[in-house]
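In the working numbering, each residue carries its 1-based index in the sequence shown increased by 135. Here a beta-carbon is modelled for each residue, glycine too, at the ideal position from N, C-alpha and C. Keep in mind that this is a model prediction, so the values were computed, not measured. These notes are about the structure you will find just below.
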Amino acid sequence: MTSKVLTANRLIDGEVVWYGADGEWRPTIEGVSIARNAEAEAALEAIGKAAIRANLVVDVNLIDVEERGGTLYPLRLRERIRISGPTIDFVPRNLSGNL
136 MTSKVLTANR
146 LIDGEVVWYG
156 ADGEWRPTIE
166 GVSIARNAEA
176 EAALEAIGKA
186 AIRANLVVDV
196 NLIDVEERGG
206 TLYPLRLRER
216 IRISGPTIDF
226 VPRNLSGNL
């Protein structure tokens, strides 16, 4: 069975968050709660549904991850991008290309 972690977007600002082993939503994948069996997956799903009802997060998903040398790597490209942040430069530029 593939390990899974719970991710979502924080409702107040849309930032990507991960459900931590400490019971808090965190901005990084480090220290997350990892489901390694069906019972743990069900528990994380219930936590995600409760967080939606409490208006803490939206777009809650259990995602597949692989553990390599103590580091978690999402298996899907979408989730790897969500960890790294936007793939475009948000710095506004004028028409001449200068900052």
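- In the three-state reduction of the DSSP assignment, E150 falls in the coil class, being assigned neither a helical nor a strand state.
- G183 counts as buried, since no fewer than 16 other beta carbons sit within 10 angstroms of its beta carbon.
- The C-alpha of S138 lies about 37 angstroms from the C-alpha of V226.
- The Cβ atoms of V195 and A143 sit closer than 7 angstroms to each other.
- The beta carbon of L210 sits closer than 8 angstroms to the beta carbons of T137, I198, D199, V200, E201 from its chain, once the five residues preceding and following it are set aside; these are given in chain order.
- When secondary structure is reduced to three states using DSSP, R188 falls in the helix class.
- Look at the stretch 163-217 and you find these whole runs of beta strand (DSSP E), each 3 residues long or longer: 192-203, 206-209.
- Closest option to G205, judged by alpha-carbon separation, among L146, E150, Y154, V167: V167.
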